Amino acid sequence: MSATPDSIAIPELLARIYPDLAADDSPEWLALLRQARIVETPAGASLVRAGDHCTRFLLLLDGTLRIFQLAEDGREVTLYRIHPGDTCLM
8 MSATPDSIAI
18 PELLARIYPD
28 LAADDSPEWL
38 ALLRQARIVE
48 TPAGASLVRA
58 GDHCTRFLLL
68 LDGTLRIFQL
78 AEDGREVTLY
88 RIHPGDTCLM
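Numbering of the sequence shown is given in my numbering, commencing with residue 8 and proceeding in unit increments.
Printed below as a string of structure tokens:
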């Protein structure tokens with residue numbers, strides 16, 4: 008039986024995928040972890056759109072995120088992809 012996000016604590020998941028972040032034991036980081044939530048998002052869903060205010064810090068635990076920009080003609084131009092363990096600097 009493999010572990011699922013429901014059966015693993017958030018700090019344990021972070022230690023596996025983002026080991027540098029998991030090593031931080033500062034009070035500020037621990038306070039953020041207490042507020043952390045795991046959210047499953049359907050394939051193809053938009054998480055953030057151009058012009059949105061950043062209200063969350065997203066850490067990808069599974070899957071792939073495609074970062075794209077709309078061209079003037081309406082085409083989606085892929086800028087890059089994010090995988091578990093990566094961060095997005097937009």
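Virtual Cβ for every residue (Gly too), placed ideally from N, Cα, C.
Quantities reported herein were computed from a predicted structural model and do not represent experimental measurements.
**Request:** Use the C-beta contact count for residue 21: other C-beta atoms within 10 angstroms, 16 or more gives buried, fewer gives exposed.
**Result:** buried
**Item:** Nearest candidate by alpha-carbon position, reference residue 88, set 49, 72, 57
**Value:** When each option's Cα is compared against that of residue 88, the closest is 72.
**Request:** Have a look at residue 30 and residue 48 and give me their C-alpha separation to the nearest angstrom.
**Result:** 27 angstroms
**Asked** At which residues does the alpha helix (DSSP H) containing residue 24 begin and terminate?
**Response** 17-24
**Message:** If you reduce the DSSP assignment to three classes, tell me which class residue 41 lands in.
**Reply:** helix
**Request:** Would you kindly report the start and end of the unbroken beta strand (DSSP E) that includes residue 46?
**Result:** Looking at the DSSP string, residue 46 is not in any beta strand (DSSP E), and its letter there is neither H nor E.
**Asked** Quick one: what does DSSP say residue 79 is sitting in, helix, strand or coil?
**Response** Here residue 79 sits in coil by DSSP.
**Asked** Roughly how many angstroms separate the alpha carbons of residue 67 and residue 50, rounded to a whole number?
**Response** Cα to Cα, the separation comes out at about 13 angstroms.
**Prompt:** Can you check whether the CB of residue 43 is closer than 8 angstroms to the CB of residue 24?
**Reply:** no
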